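The opening position of the sequence shown corresponds to residue 989 in our numbering, with each subsequent residue numbered one higher. Each residue gets a CB set at the ideal place from its N, CA and C atoms; glycine is no exception. Computed from a predicted structure; not experimentally measured.
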Amino acid sequence: MKAPVKQEKKVTFDNDIKRISLLRKNDKTIGILFLVLLAASFAAFLLLALTDEFTIYTSLPVMAVPFFVIGAIFYIVNRRFIALGVIAVLSLIAYLIMPDSVLFILYLLVCAEGVAMVIEVFQRLIFYEILSRIEQINVKEKTDIVDKLIMFFFNIPVDLDTRNLKIEADLSRNKLPIEDMVSCMIISLLFCMFLWIYLFLNPMFSFETEGVPIYTFTIILYISALVMPWTVFSTVNARIETDYRSFKLYDGFMSTFKRMFLPAFAAVLFLIFALYTGPENLYYILMSMAMIIVMTIFTSAMYFTSNELSMVNDILDKWGEFHPTEIYSGFDSVRRKSSLKDDIPGTPRRNPSECFSVDLKSRAR
């Protein structure tokens, strides 16, 4: 009588996108609050802009309310009551000297902190979601619209094996990253300038210049909130390792921007046209650019001093869950079968399409 043959358990792999969340409970609350305030502010903006008493420009400060509320909450939760008192005094002085300048104080000291908070929440939301898609993007049988947008956005070649994703897992964040901070400011400033020129110097866009630089500060807040989150891919050096050289995701992002040579040329023409039309437009341009520079510097400084450290450390801490091991062995790509024994405790289980090189680096905190 033959002994019963022991059947080995099949090794199964989950082909779904890995869902790793960096969002904390407070982050979700901030995100929901921002969206609710954004919807309410946009509705109020439309109502004001349609009246005879307000123009589009004078209605713009309403759109800054979401950032103002979140920035104020940051000061209150962190018990920075002295800072709030200083802001109140400065606002009162500014109001007595020039009423419109109150907006400048509030934008700079409160709304900028709100932007930094929103940037962190957005980074926590998108970082591992994007990496999860990139890891499988060129081994899928069919890509969806989100995959195609990611490939375009990061300029990922269609023939690049994207499975071997890496970051600087031993990155230390125990001090203020001055170099990253300066780089972030420069990149954000370039994007802000570029988008601002398109929005407000287009000859098809008629504008008045009185008080406009302060009012358009609202637009700068949103531009900063859209541009700065992507710098996290540079901070952690997110890249795809190949046999030749690494493909850095942030470099791909910048390549996409550089390909926009013709739009950049059109932006320069808009700038020349605006300068040619009169001294009032020159004042408008100089004041707006000065405010873009100041706003970008303040937003970057607040983000890197208040938000960046914890966010980057959370990314590094979760990397072990995203890539449980940097060694994947025993997989026969021809037979599509794993030779790893299923009864060995602690054996890493990975998707067979996610084979990557040996990397024994350990993270230093």
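Bridge pairing for Lys1154: Arg1227 [DSSP].
For Met1173, the CB contacts under 7 Å within the same chain, skipping 5 residues up- and downstream, are Thr1284, Ile1285 and Ser1288 in chain order.
In the same chain as Ser1212, and ignoring 5 residues on each side of it, the C-beta atoms closer than 7 Å to its own belong to Val1103, Ser1176, Cys1180, Met1283, Thr1284 and Thr1287, in chain order. One alpha carbon belongs to Ser1120, the other to Met1216, and they sit about 21 Å apart. One thing to note: Ser1079 has its Cβ no nearer than 9 Å to the Cβ of Lys1154. The beta carbon of Glu1156 sits closer than 6 Å to those of Val1224 and Asn1225, all from its chain and outside the five residues before and after it, given in chain order. Nearest to Glu1296 by alpha-carbon distance, out of Val1050, Ile1207, Glu1101 and Met1139, is Glu1101.
Proximity of the segment 1033–1048 to the segment 1089–1099 falls short of the contact definition, fewer than three beta-carbon pairs being nearer than 8 Å. The Cβ-Cβ distance between Ile1122 and Ile1144 falls below 9 Å.
Relative to Glu1229, the option among Tyr1210, Phe1292 and Arg1151 whose CA is nearest is Arg1151. In the structure shown, Phe1235 adopts extended strand secondary structure according to DSSP, grouped into three states. Distances from the CA of Asp1149 to each of Leu1034, Asn1126 and Asp1135 were compared; the closest alpha carbon is that of Asn1126.
Contact holds between the segment 1235–1245 and the segment 1130–1145, because three or more Cβ pairs, one in each stretch, are under 8 Å apart. Counting C-beta atoms within 10 angstroms of its own C-beta, Ile1133 has fewer than 16 neighbours from the protein chains shown and is therefore classed as exposed.
If you ignore the 5 residues before and after Tyr1083, its C-beta comes within less than 8 Å of the C-beta of Ser1089 and Val1090, all in its own chain and listed in chain order. In this structure Val1098 touches Phe1056 by the C-beta definition: roughly 5 Å separates them, less than 8 Å. The DSSP-derived three-state label of Leu1209 is helix. If you look at Thr1046, you'll find it in the alpha helix (DSSP H) that goes Ile1044 to Ser1047. Residues of the same chain with a CB within less than 6 Å of the CB of Gly1019, apart from the 5 flanking positions on each side, are Val1109 in chain order. Between the alpha carbons of Leu1010 and Ala1071 lies a distance of about 29 Å. For the 9 Å CB-CB criterion, Leu1094 and Ala1052 form a contact. Around the beta carbon of Met1169, a 10 Å sphere encloses 16 or more other beta carbons of the protein chains shown; the residue is thus reported as buried. Nearest to Glu1167 by C-alpha distance, out of Lys1136, Ile1207, Ser1222 and Leu1096, is Ser1222. The beta carbons of Arg1112 and Met1299 sit about 6 Å from each other, so the pair counts as a contact at 8 Å. Bounds of the alpha helix (DSSP H) holding Glu1296 are Glu1296 to Phe1310.
Nearest neighbour of Phe1292 by Cα position, chosen from Asp1135, Met1105, Ala1060 and Met1277, turns out to be Met1105.
Going by C-alpha positions, His1311 is about 18 Å away from Val1220.
Taking 9 Å as the cut-off, the beta carbon of Leu1025 is found no closer than this to the beta carbon of Ile1075. Beta-carbon to beta-carbon, Met1279 and Ile1208 are separated by about 7 Å, close enough to satisfy the 8 Å threshold. Per DSSP, reduced to three states, the secondary structure at Asn1066 is coil, with no helix or strand assignment. Per the coordinates, the alpha-carbon of Ile1008 lies some 15 Å from the alpha-carbon of Lys1016.
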